[in-house]
Amino acid sequence: MTTPADCSSGGWRRGLALALAAWLLTGCSRTPEPEVPAAAPRMRIVTTDQYLNTLSYVFGTSINLELKFPPPRRTEGLLANGATLAGMTPTQVEMFQRAADSVAAQVVSPERRSFLIPCQPAAVGAADDTCAREFLGRTARLLQRRQVPAAELDEYVSQAAVIANDMGDFYTGLRVVLEALLLSPEVLFIAETSEADPENPGQQRLDSYSLASRLSFFLWNAAPDDMLLSAAESGKLHDEKGLARVVDSMLASPRLATGVRAFFDDMFAFDSFDSLSKDATVYPYFTGAVAHDAREQTLLTVVDHLLDKNLDYRDLFTTRATFVSAALAPIYRLPAASGWSTYEFPADSPRRGILTHVSFLASHAHPGRSSPTLRGKALRELLLCQVVPPPPPNVDFSALNNPDAHYPTQRDRVAAHLDNPTCAGCHRITDPTGLALENFDGAGQFRGSENGTSINASGDLDGKPFDDVIGLAQTLHDNPGLPSCLVQRVYSYGSGGAARTADRPLLQYFTARFAEKGYRLRDLLRTVALSKSFSHVAGSEDAIPQEQRIVQATGEQGASRLQPDQP
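Note that the numbering used here has the sequence shown beginning at 1, numbered continuously upward.
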């Protein structure tokens, strides 16, 4: 027989279980994604790296892809935002034309055709529609990021046949049509289209191919592969569970490292290395190899820290772990070794995080000297998403440039700006952080003094004082603007345009989720990619056909020139 005590005990346990379940369902329930006004579908021109990455996937690494297109204008902190087109110049068209001609010629060349073209014609000297269809069908689908309609594929095959018979060479026909494909607007532009969302009447969503492209360029910095296109064709991308499985697969792919490198290369404004130079008489050890490896060192550190080790993003600015090459070793005063090797700076080293990498220190300095102002401005704008106003016109630099003026250190030099009310406002924003990096010269090498005077590296960031660069690294790590800026940049980069004022609640939601997950990048990428705001768009551009939007971007002359050269 059950005793009252037993009943009391069992009831207590059941009550506790019910209370725990209720708490899990209510107290721990996730805050829903806020509703924000949807942005219009975007149209962008592909970047150099996106074009090259796509061609490498479609045709393999044997193709010589040494191409360089002019970068777009940096907008709201990212080149990716500037890729939302206002127009394409005739020069750009000519560069794409030369690239397409080179790639097409290499694909059909005798030394590559055997493994890049999956079939052989019945006779090399004449058309073969079956083989042409097999090659062009697969290639056009991957290049244009969609299923090619049968009538359109028939036209490609017909064109290849006419040219093959006229020239007496099957591969010449393929070459001309392939060049046309590489020049087609569907390849050179990322033009999104929308459709009605059947689950949310009155709302629009990206169609499956546009969503596949947005995901792929976001996470992999390349066009969708066969797996992703197949998921789009099957409807998986518009199914919540199916989309989650696809995104998780993409996040687990080795190709994610390529996408992450591209994003941080953009966010850190590393395109400046393309034109970076130093005064050889002041910094004879700063060579082209140093500049190349400085950029690579930081990107290797980013991928290792955020992907391979899955660590807190904020720790990227305090970690002592990095990579060193033979070219960088002299600047870091380390023994030179061939190739890249992992390295951890000692606990008493002044090097902490990527602010003390040569990449940041050298790219935000003058050719012959350091610059607290440039470094402080870069920290504010690149890492905290703050805007530092440009210097006013007609600034008087005579005091700074006076050869008789005695400014033993940069701290003394920039202090002169504070005597000028016109300059003081901005320099109070930039210099207190930039001066903390003055123990590193304009090329990034450590120094304890300047002109015989010990360097004072103290400063403050948003009212938080510190004594040296180690304190700056920790203060930046703890600044709430650091993760929120990354969230803003990631969302802008992924959605294809600068964040709007209306997106503020959404960015706050992403930032809160980022914090909940321990500031892990993979989790942030997943949250953004699976969000409703990532796939839903306004329908305001639906009345404008894709072809018309492309003509508006290129101009009639540019659009007409996107045609292959006939042999």
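Quick reminder that beta carbons are idealized off the backbone N, C-alpha and C, glycines included.
Here the structure is a predicted model, which means the values were calculated and not measured.
The beta-carbon separation of Ala499 and Ser492, rounded to 5 Å, stays under the 8 Å limit for a contact. In this structure, Pro372 places its C-beta atom within 8 Å of the C-beta atom of Glu438.
According to the DSSP assignment, Gly459 belongs to the beta strand (DSSP E) that extends over Gly459 to Leu461. Close CB contacts of Leu276 within its chain, under the 8 Å cut and outside five residues either way in sequence, are with Ala291, Ala362 and Ser363 (chain order).
For Pro465, no alpha helix (DSSP H) encloses it; the enclosing beta strand (DSSP E) starts and ends at Lys464 to Phe466.
Cβ atoms of Tyr57 and Asp225 come within 8 Å of each other, at about 6 Å. Listed in chain order, the alpha helix (DSSP H) runs fully inside the stretch 494-545 are 504-516, 521-530 and 532-535, counting runs of at least 4 residues.
Taking a 10 Å sphere around the C-beta of His536, we find 16 or more other C-beta atoms and assign the residue as buried.
Of the candidates Asn451, Ser449, Asp468 and Thr453, the residue whose Cα lies closest to the Cα of Thr433 is Asp468. Leaving aside the five residues that flank Lys464 on each side, the residues in its chain whose CB is nearer than 8 Å to its CB run, in chain order, Thr475, Asp478 and Asn479.
Per DSSP, reduced to three states, the secondary structure at Ser449 is strand. Relative to Gly497, the option among Thr31, Ala40, Pro34 and Gly202 whose CA is nearest is Ala40. The beta carbon of Pro483 lies closer than 8 Å to those of Tyr313, Arg314, Thr511, Phe514, Ala515 and Tyr519 in the same chain, with the five residues before and after it left out. Its chain contains Asp49 and Asn221 as the residues whose beta carbon lies nearer than 7 Å to that of Ala262, once the 5 sequence neighbours on both sides are disregarded; these appear in chain order. If only uninterrupted alpha helix (DSSP H) runs of at least 4 residues are considered, those enclosed by the stretch 85-162 are 90-107, 113-116 and 129-144. DSSP places Leu65 outside both helix and strand once states are collapsed to three, so it counts as coil. Distances from the alpha-carbon of Pro284 to those of Leu67, Cys426 and Pro367 put Pro367 closest.
Distances from the CA of Ala269 to each of Asp293, Ala80, Gly471 and Gln204 were compared; the closest alpha carbon is that of Ala80. Gln144 sits close to Ser184, with the two beta carbons spaced by under 8 Å.
The three-state secondary structure of Tyr285, taken from DSSP, is coil. Of the other Cβ atoms in all chains shown, 16 or more fall within 10 Å of the Cβ of Lys377; this residue is therefore buried. With respect to the 8 Å criterion, Leu243 and Leu524 are not classified as neighbours on the basis of their beta carbons. Bridge pairing for Leu78: Thr75 [DSSP].
The beta carbon of Ile117 sits closer than 6 Å to the beta carbons of Phe135 from its chain, once the five residues preceding and following it are set aside; these are given in chain order. Along the stretch 218-285, the alpha helix (DSSP H) occurs as fully enclosed runs of 4 or more residues at 226-234, 240-252 and 256-267, listed in sequence order.
Listed in chain order, the alpha helix (DSSP H) elements of length 4 or more contained wholly in the stretch 294-353 are 329-332. With a cutoff of 8 Å on beta-carbon distance, Met95 and Ala191 are scored as not near each other. Looking from the CA of His305, the closest CA among Ala294, Gly494, Thr318 and Gln410 belongs to Thr318. The stretch 105-114 makes no contact with the stretch 150-158: fewer than 3 CB pairs, one atom from each, lie closer than 8 Å.
In the displayed model, Glu195 falls within a strand according to three-state DSSP. The shortest CA-to-CA distance from Leu300 to any of Thr287, Val103, Ser230 and Phe264 is the one to Phe264. The continuous stretches of beta strand (DSSP E) do not include Ile455, and DSSP gives it neither H nor E. Taken atom to atom, the span from the alpha-carbon of Leu384 to that of Glu76 is near 12 Å. Across the set Leu174, Asp166, Gln147 and Gly168, the C-alpha of Leu174 shows the shortest separation from the C-alpha of Val157. Residue pairing for Met43: DSSP places it in a beta bridge opposite Ala191.
Where Arg205 is concerned, the enclosing beta strand (DSSP E) starts and stops at Gln204 to Leu206.
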